[in-house]
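Residues 2 to 509 (the UniProt record's numbering) are what the sequence shown spells out, left to right. Beta carbons are placed, not taken as given, at the ideal position from N, Cα and C, and that holds for glycine.
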Amino acid sequence: ANTLILILGDQLTPELPSLQGVTPDKTVVLMAEVVGEASYVRHHKKKIAFLFSAMRHFAEELRLAGWQVDYVQLNDAGNCGSLAGELLRAAERHGAAHIRVTEPGEWRVLQGLQALDTALDIEILPDDRFIASHAEFNSWAEGRKALRMEYFYREMRRKTGLLMDGEQPEGGQWNFDHDNRKAAERDLLMPQPLRFAPDAVTREVIDLVEARFADHFGTLEPFWFATTRADAKAAFAYFLKTALPYFGDYQDAMLAGEKFLYHAVVSLYLNCGLLDPLEMCRAVEAEYREGRVPLNAAEGFIRQIIGWREYVRGIYWREGPDYVHRNALNATRPLPDFYWSADTKMACIKACVEQTREEAYAHHIQRLMVTGNFALLAGVDPFELHEWYLAVYADAYEWVEAPNTVGMSQFADGGLLASKPYVASGAYIDRMSDYCGSCSYNVKAKAGRKACPFNYLYWDFIARHHDRLKGNPRMAQMVRNYDRFSDERKREIAADAADFLASLVGSA
Ligand code: FAD
Ligand code: DLZ
Ligand code: SF4
């Protein structure tokens, strides 16, 4: 073969740029399961099983379409354990003069490929599975004092024509987020994501992961994710009918025991290439146009995909490989052990970590306002937290995870991505969830051993970052509230926070 095409684990898309414009008979496609990618952060077992199974199914899909696929399994003799090593071996095996690859989703992998450029002739193609190219994002961002998702999102609405009424946004408004703050009620008919029984390929991979990654976080069974394009599409179609109509209203809600609420649970399929973002948005728009879902639901969903998802990707590539090391608030506390063990009396954190362990999934508000909020209030090292989010969620790749963690959730980029730190006391969690009812802490109590830790940690956070926050228009009121506390109350907050934080056991 003259050309070798490397397809990475998150590039499982038949229309991938690297597969265009070449003839299958002069080309070999390389896919490789490598221990390096599975353990540079120790990924959740379910995430590894999902991705390996989806990779194996995709290889089959390509073979059926006429491609010659060289698929290296994890246990194959000679597998050297790294993407670069496998690429070099395959280039030699096939006598390939030329390598093609679609740009990877992480700086680390990109730099690894670029480093091979002296040994191999590698062509790296832009990934066109996104709405905005790097150049488009950068020219939008250029010269702006602050970047805000909302304005970028409007550009993407105009570009795609999604939910547009001529030049105007459908319904006369770009964003219906203020309608989306309802707390959920328990409903026996709560929709659930569509589940799939593991086939023979998935079963084999589950055994492989259990044998090779036994000490990684997470449970493997029950395993119910889709691992083929057809099944991922069926899961999304099922979401459109069952949960999308309520998507907007309850976007910020949490309920104990309800792990998915009205969320789509499709990010894992989308991010590895089994689903296409624009196709999904068009399907959502059609549901609205045909009168089956309200505008706030359709707009809310489309905003997450062509707004947030594209926006965080733009930031990741624009900010460069050091972004993951930003630490604007100088937070240095080791990640508490209970992020792995769920061994904590805080009912909200316990529930989120337990479901993360079981499902490799938590919905947005759990990630942002429970585990993320706690880490921010407690001053956890953002890089350690970043590695946790990257490891534990089936949808996590650095381009999407890092801006959400470092930027949105930890304010560690100093406010580049988010206009204020997402901090909240127990009252917020109580309003948006029913976790507090079964908690050993009292969410109403402000001080002392029984008080919800989020309460005094919140004020302690404001105190620790007083000067930075008082200049932030969205935080200034809270800083003034703190300033009005008596000295005694301020000492009490500091003492409660210090006691609690000293009791945390970190993994470092
Ligand atoms: P839904 O709530 O149903 O939303 C639909 C889709 O919108 C998602 O599938 C996703 O593709 C997209 N979306 C929604 N919010 C975001 C967002 N903030 N950024 C990017 N896309 C978004 N998302 C990931 O895909 N991978 C990650 O590694 C990841 N890490 C996160 C870490 C933190 C600390 C936080 C606060 C958020 C993170 N998110 C991440 C964003 C969001 O939580 C998930 O996309 C969402 O929970 C996925 O579940 P879902 O498919 O049910 O989403
Ligand atoms: C996340 C992951 C895992 C667990 N395993 C592999 C693998 O064995 N082979 C592979 O090509 N990719 C894997 N990935 C995804 C990569 O770590 C990385 O996120 C992508 O290559 C970025 O585009
Ligand atoms: Fe979480 Fe505090 Fe509520 Fe307990 S009381 S569930 S710690 S918010």
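Subject >> Cβ separation of L121 and E286, assumed to be a contact under 8 Å, to the nearest whole Å >> reply: Not a contact, Cβ separation roughly 43 Å.
**OP:** With a 10 Å radius around its C-beta and 16 neighbouring C-beta atoms as the bar for buried, classify L107 as buried or exposed.
**Re:** It is Glu, not Leu, that sits at residue 107 in the sequence shown. Counting the other Cβ atoms within 10 Å of the Cβ of E107 gives 16 or more, which makes it buried.
**OP:** Indicate whether the contact test is met: 3 or more Cβ pairs, each with one atom in the stretch 26-33 and one in the stretch 66-75, closer than 8 Å.
**Re:** By the Cβ rule, the stretch 26-33 counts as touching the stretch 66-75, because three or more pairs are nearer than 8 Å.
Original post:
Closest to R230 by CA distance: which of F51, D338, E151 is it?
Top reply: Shortest Cα-Cα distance from R230 to any of F51, D338, E151 involves F51.
Original post:
Which stretch, first to last residue, makes up the alpha helix (DSSP H) that contains D468?
Top reply: 467-471 is the span of the alpha helix (DSSP H), which, as asked, contains D468.
Original post:
What number of angstroms, rounded off, separates the C-alpha of N272 from the C-alpha of Y152?
Top reply: Between the alpha carbons of N272 and Y152 lies a gap of roughly 24 Å.
**OP:** Check the C-beta distance from I366 over to M255 and give it rounded, since I have them as a contact under 8 Å.
**Re:** Right, the Cβ-Cβ distance comes to about 6 Å (below 8 Å), so this counts as a contact.
Original post:
Any idea which residues DSSP pairs E124 with across the strands?
Top reply: Per DSSP, R101.
Original post:
Considering only residues of the same chain and omitting the five flanking positions on each side of A244, which have a CB-CB separation below 6 Å?
Top reply: Only P192, Y263 meet the Cβ criterion.
Original post:
What is the rounded straight-line gap between the Cα of P246 and the Cα of Q174?
Top reply: Per the coordinates, the alpha-carbon of P246 lies some 19 Å from the alpha-carbon of Q174.
**OP:** Give a yes or no on whether the C-beta atoms belonging to R358 and G219 are separated by under 8 Å.
**Re:** The answer is yes: Cβ separation under 8 Å.
**OP:** Using only alpha-carbon positions, find the residue among V393, Y436, S441 that is nearest to H217.
**Re:** With distances taken between CA atoms, H217 lies nearest to V393 out of V393, Y436, S441.
**OP:** Identify the continuous beta strand (DSSP E) that holds Y72 and give its terminal residues.
**Re:** Where Y72 is concerned, the enclosing beta strand (DSSP E) stretches over 70-73.
Subject >> As assigned by DSSP and simplified to three states, the class of G507 >> reply: The answer is strand: DSSP assigns G507 an E or B state.
Original post:
Less than 7 Å between the CB of S434 and some heavy atom of the ligand FAD, yes or no?
Top reply: Relative to the ligand FAD, the beta carbon of S434 is positioned no closer than 7 Å to any heavy atom.
Subject >> Inter-residue Cα distance where the pair is A509 and G162 >> reply: Per-residue confidence for A509 stands at a pLDDT of 46, beneath the threshold of 50, marking its modelled position as unreliable; the derived number appears in the next sentence. About 49 Å.
Subject >> Runs of alpha helix (DSSP H) wholly within the stretch 426-464 (minimum 4 residues, chain order) >> reply: Counting whole runs of 4 or more residues, the stretch 426-464 contains the alpha helix (DSSP H) stretches 427-433.
Original post:
Given that a residue counts as buried once 16 or more other Cβ atoms are within 10 Å of its Cβ, and exposed if not, what is D166?
Top reply: The residue is exposed, with fewer than 16 neighbouring Cβ atoms inside 10 Å.
**OP:** May I ask you to check if the CB of residue 515 is nearer than 7 Å to at least one heavy atom of the ligand DLZ?
**Re:** Outside the displayed range of the chain (2 to 509) lies residue 515, so it cannot be described from this structure.
Original post:
In terms of residue numbering, what span does the alpha helix (DSSP H) encompassing T14 cover?
Top reply: Note, T14: premise wrong, no alpha helix (DSSP H); not H, not E.
Subject >> Per-residue burial, A198 [other beta carbons within 10 Å of its own, 16 or more giving buried] >> reply: Exposed is the label assigned to A198, since fewer than 16 other Cβ atoms lie within 10 Å of its Cβ.
**OP:** Name the two residues that bound the continuous alpha helix (DSSP H) containing L63.
**Re:** Note, L63: alpha helix (DSSP H), 46-65.
**OP:** Just grab the DSSP bridge partners of Q169 for me.
**Re:** Paired residue(s): D166.
Original post:
How would you write the range of the beta strand (DSSP E) that T4 sits in, first residue to last?
Top reply: 4-7 is the extent of the beta strand (DSSP E) around T4.
Original post:
Who's in the neighbourhood of the ligand SF4, going by beta-carbon under 7 Å from any heavy atom, listed in chain order?
Top reply: Counting only heavy atoms of the ligand SF4, the residues whose C-beta sits closer than 7 Å to one of them are, along the chain, M347, A348, C349, I350, G427, I430, D431, Y436, C437, C440, Y442, N443, V444, C453, P454, F455.
Original post:
the ligand DLZ heavy atoms versus the CB of V35: any closer than 7 Å?
Top reply: The closest heavy atom of the ligand DLZ lies less than 7 Å from the beta carbon of V35.
Original post:
What is the DSSP secondary structure of T28, counted as helix, strand or coil?
Top reply: Of the three classes helix, strand and coil, the one that applies to T28 here is strand, per DSSP.
Original post:
Is A39 near the ligand DLZ, going by C-beta to nearest heavy atom under 7 Å?
Top reply: Within the chosen limit of 7 Å, the ligand DLZ reaches the beta carbon of A39 through at least one heavy atom.
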